[in-house]
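Numbering (the working numbering), first residue to last: 27 to 198.
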(Lines of atoms letter the chains of each structure in order from A and count residues from 1; the text may use other names and numbers.)
(Lines give C-alpha, C1' and ligand atoms only; values in the text may rest on other atoms or scores of the structure.)
Protein backbone atom coordinates (compact mmCIF):
# COMPACT_ATOMS: atom_id res chain seq x y z
CA UNK A 1 0.00 0.00 0.00
CA UNK A 2 1.08 3.57 -0.57
CA UNK A 3 0.00 6.69 1.30
CA UNK A 4 0.70 10.29 0.30
CA UNK A 5 0.44 13.09 2.88
CA UNK A 6 -0.37 16.39 1.15
CA UNK A 7 -0.82 18.67 4.16
CA UNK A 8 -0.74 18.62 7.95
CA UNK A 9 -1.48 20.86 10.90
CA UNK A 10 -0.55 20.62 14.57
CA UNK A 11 -3.27 21.44 17.13
CA UNK A 12 -2.61 23.35 20.35
CA UNK A 13 -2.40 20.03 22.22
CA UNK A 14 0.31 18.79 19.78
CA UNK A 15 -2.10 16.43 18.02
CA UNK A 16 -1.18 16.11 14.35
CA UNK A 17 -3.89 16.18 11.67
CA UNK A 18 -2.73 15.00 8.25
CA UNK A 19 -4.59 14.92 4.93
CA UNK A 20 -3.76 12.97 1.81
CA UNK A 21 -4.48 9.94 -0.30
CA UNK A 22 -4.35 6.19 0.25
CA UNK A 23 -3.47 4.42 -2.98
CA UNK A 24 -4.48 0.99 -1.65
CA UNK A 25 -8.17 1.92 -1.56
CA UNK A 26 -8.10 5.00 -3.85
CA UNK A 27 -9.58 7.25 -1.19
CA UNK A 28 -8.69 10.58 0.35
CA UNK A 29 -8.04 10.34 4.05
CA UNK A 30 -7.53 12.41 7.19
CA UNK A 31 -5.33 11.01 9.95
CA UNK A 32 -5.24 11.92 13.63
CA UNK A 33 -1.61 11.28 14.52
CA UNK A 34 -1.11 7.82 12.96
CA UNK A 35 -4.76 6.64 12.95
CA UNK A 36 -7.28 7.10 10.16
CA UNK A 37 -9.91 9.62 11.26
CA UNK A 38 -11.86 9.94 7.99
CA UNK A 39 -11.96 8.27 4.58
CA UNK A 40 -13.77 9.70 1.55
CA UNK A 41 -16.46 7.65 -0.15
CA UNK A 42 -15.13 8.12 -3.67
CA UNK A 43 -11.83 8.28 -5.53
CA UNK A 44 -10.89 11.72 -4.24
CA UNK A 45 -7.61 13.34 -3.30
CA UNK A 46 -7.55 15.48 -0.17
CA UNK A 47 -5.08 18.29 -0.74
CA UNK A 48 -5.42 20.61 2.29
CA UNK A 49 -6.53 20.62 5.90
CA UNK A 50 -7.04 23.49 8.35
CA UNK A 51 -7.96 23.57 12.02
CA UNK A 52 -10.49 26.06 13.31
CA UNK A 53 -13.01 26.57 16.12
CA UNK A 54 -15.28 23.98 14.47
CA UNK A 55 -12.64 21.20 14.36
CA UNK A 56 -10.97 20.33 11.07
CA UNK A 57 -11.81 21.28 7.50
CA UNK A 58 -10.32 19.52 4.48
CA UNK A 59 -10.53 20.11 0.73
CA UNK A 60 -9.94 17.93 -2.30
CA UNK A 61 -11.49 17.22 -5.67
CA UNK A 62 -14.81 19.15 -5.81
CA UNK A 63 -15.50 18.89 -2.06
CA UNK A 64 -14.88 20.53 1.30
CA UNK A 65 -15.43 18.44 4.43
CA UNK A 66 -15.98 19.63 8.01
CA UNK A 67 -15.18 16.90 10.56
CA UNK A 68 -15.97 14.17 8.02
CA UNK A 69 -19.24 15.60 6.67
CA UNK A 70 -19.51 17.27 3.26
CA UNK A 71 -19.70 20.99 3.92
CA UNK A 72 -19.55 22.21 0.30
CA UNK A 73 -19.60 20.42 -3.02
CA UNK A 74 -18.55 22.48 -6.02
CA UNK A 75 -20.02 21.45 -9.33
CA UNK A 76 -20.26 23.48 -12.51
CA UNK A 77 -21.44 20.64 -14.77
CA UNK A 78 -20.66 16.95 -15.33
CA UNK A 79 -17.65 17.78 -17.56
CA UNK A 80 -16.00 20.16 -15.10
CA UNK A 81 -13.70 19.35 -12.18
CA UNK A 82 -12.89 21.75 -9.38
CA UNK A 83 -9.36 21.07 -8.11
CA UNK A 84 -9.18 22.40 -4.57
CA UNK A 85 -5.60 23.08 -3.49
CA UNK A 86 -5.84 25.71 -0.76
CA UNK A 87 -7.86 26.63 2.33
CA UNK A 88 -8.04 29.67 4.59
CA UNK A 89 -10.51 30.69 7.27
CA UNK A 90 -11.66 34.10 8.47
CA UNK A 91 -11.47 33.57 12.23
CA UNK A 92 -13.82 36.52 12.90
CA UNK A 93 -16.70 35.32 10.69
CA UNK A 94 -15.93 31.62 10.23
CA UNK A 95 -16.05 32.03 6.44
CA UNK A 96 -14.04 29.37 4.62
CA UNK A 97 -12.06 30.32 1.51
CA UNK A 98 -11.06 27.59 -0.92
CA UNK A 99 -8.69 28.06 -3.84
CA UNK A 100 -7.72 25.97 -6.81
CA UNK A 101 -8.91 25.75 -10.37
CA UNK A 102 -11.90 24.98 -12.49
CA UNK A 103 -10.89 22.46 -15.14
CA UNK A 104 -12.93 22.57 -18.34
CA UNK A 105 -11.27 22.59 -21.74
CA UNK A 106 -8.87 24.95 -19.89
CA UNK A 107 -7.62 25.42 -16.33
CA UNK A 108 -8.75 28.62 -14.59
CA UNK A 109 -7.74 29.83 -11.12
CA UNK A 110 -10.71 30.21 -8.84
CA UNK A 111 -11.44 31.17 -5.24
CA UNK A 112 -14.64 30.28 -3.42
CA UNK A 113 -16.02 31.91 -0.27
CA UNK A 114 -17.99 29.19 1.47
CA UNK A 115 -20.10 27.73 -1.38
CA UNK A 116 -19.96 30.67 -3.82
CA UNK A 117 -17.34 31.58 -6.41
CA UNK A 118 -15.67 34.76 -5.16
CA UNK A 119 -13.50 35.28 -8.27
CA UNK A 120 -12.15 33.42 -11.27
CA UNK A 121 -9.13 34.36 -13.40
CA UNK A 122 -9.81 34.55 -17.15
CA UNK A 123 -6.57 32.92 -18.37
CA UNK A 124 -5.00 29.50 -17.85
CA UNK A 125 -3.96 29.50 -14.19
CA UNK A 126 -4.25 27.88 -10.78
CA UNK A 127 -4.33 28.89 -7.11
CA UNK A 128 -2.05 26.78 -4.92
CA UNK A 129 -2.17 28.60 -1.57
CA UNK A 130 -4.33 31.11 0.34
CA UNK A 131 -3.93 33.30 3.39
CA UNK A 132 -6.30 35.79 4.98
CA UNK A 133 -5.05 38.72 7.06
CA UNK A 134 -8.44 39.86 8.37
CA UNK A 135 -8.97 42.41 5.61
CA UNK A 136 -7.50 40.91 2.44
CA UNK A 137 -7.41 37.47 0.92
CA UNK A 138 -4.10 36.61 -0.75
CA UNK A 139 -3.80 33.79 -3.27
CA UNK A 140 -0.52 32.40 -4.56
CA UNK A 141 -0.33 30.35 -7.70
CA UNK A 142 0.61 30.57 -11.32
CA UNK A 143 -0.54 31.67 -14.73
CA UNK A 144 0.57 30.28 -18.02
CA UNK A 145 2.46 33.05 -19.80
CA UNK A 146 3.37 33.19 -23.45
CA UNK A 147 6.70 31.43 -22.87
CA UNK A 148 6.73 30.42 -19.25
CA UNK A 149 4.73 29.64 -16.20
CA UNK A 150 4.70 32.79 -14.10
CA UNK A 151 4.26 32.80 -10.33
CA UNK A 152 1.60 35.25 -9.20
CA UNK A 153 0.11 36.65 -6.02
CA UNK A 154 -3.42 37.96 -6.11
CA UNK A 155 -4.73 40.34 -3.45
CA UNK A 156 -8.46 39.77 -3.38
CA UNK A 157 -9.02 39.36 -7.14
CA UNK A 158 -6.16 41.47 -8.55
CA UNK A 159 -2.62 40.38 -9.39
CA UNK A 160 -0.17 42.35 -7.23
CA UNK A 161 3.00 40.38 -8.07
CA UNK A 162 3.97 38.44 -11.16
CA UNK A 163 7.26 36.59 -11.19
CA UNK A 164 8.28 35.52 -14.67
CA UNK A 165 9.27 31.90 -14.96
CA UNK A 166 8.47 31.18 -11.32
CA UNK A 167 5.85 29.32 -9.33
CA UNK A 168 4.69 30.47 -5.90
CA UNK A 169 3.32 27.46 -4.04
CA UNK A 170 3.54 28.31 -0.36
CA UNK A 171 2.61 31.72 1.06
CA UNK A 172 1.77 31.79 4.75
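Note that beta-carbon positions come from the ideal geometry of N, C-alpha and C, so glycine has one too.
### Query
So, residue 45 versus residue 72, is the Cβ gap smaller than 8 angstroms?
Closer than 8 angstroms, so yes.
Have a look at 70, 35, 102 and 105 and flag the residue whose alpha-carbon is nearest the alpha-carbon of residue 78.
Residue 35 is the option with its Cα nearest to residue 78.
- Task: For residue 177, decide whether its Cβ has a neighbour in chain C, counting only Cβ atoms nearer than 8 angstroms.
- Result: Annotation note: the requested chain C is absent from the structure, which comprises a single protein chain.
*asked:* Under 8 angstroms: do the segment 101-108 and the segment 57-72 share three or more Cβ pairs, one atom per stretch?
replied: By the Cβ rule, the segment 101-108 does not count as touching the segment 57-72, because fewer than three pairs are nearer than 8 angstroms.
What residues are listed by DSSP as bridge partners for residue 186? In DSSP, residue 186 forms no bridge with anything.
Rounded to a whole number of angstroms, what is the C-alpha to C-alpha distance between residue 128 and residue 37?
Between residue 128 and residue 37, the C-alpha separation is close to 31 angstroms.
Worksheet item: Can you list, in chain order, the residues of its chain whose CB lies under 6 angstroms from that of residue 180, leaving out five sequence neighbours each side?
Response: Excluding residues within five positions, the ones whose Cβ falls inside 6 angstroms are 165.
Practice prompt. Could you tell me the boundaries of the beta strand (DSSP E) in which residue 173 lies?
Written response: If you look at residue 173, you'll find it isn't in any beta strand (DSSP E); DSSP assigns it neither H nor E.
Cutoff 8 angstroms; reference residue 92; Cβ partners in own chain excluding five residues on either side: Within the same chain, residue 92 has close Cβ partners 80, 81, 82 and 83.
Check: Would the beta-carbon of residue 47 fall within 8 angstroms of that of residue 30?
Finding: Going by C-beta atoms, residue 47 is nearer than 8 angstroms to residue 30.
*Which term fits residue 86, buried or exposed, when burial requires 16 or more other beta carbons within 10 angstroms of its beta carbon?*
Counting other Cβ atoms within 10 Å of its Cβ, residue 86 reaches 16 or more and is therefore classed as buried.
Worksheet entry | Beta-carbon proximity list for residue 160, same chain, < 6 angstroms, skipping 5 on both sides | So the list is empty, once near-sequence residues are dropped.
- Query: How many Å lie between residue 125 and residue 168 at the Cα?
  - Reply: In this structure, the straight-line span from the alpha carbon of residue 125 to that of residue 168 is close to 12 angstroms.
**Report entry** Three-state secondary structure (DSSP) of residue 135
**Finding:** Correct three-state label for residue 135: strand.
Selection from 76, 135, 94 and 108 that minimises the alpha carbon distance to residue 88 = If we check each option's Cα against that of residue 88, 108 comes out closest.
* Mind checking residue 152: buried by the 16 CB within 10 Å criterion, or exposed? -> Around the beta carbon of residue 152, a 10 Å sphere encloses 16 or more other beta carbons of the protein chains shown; the residue is thus reported as buried.
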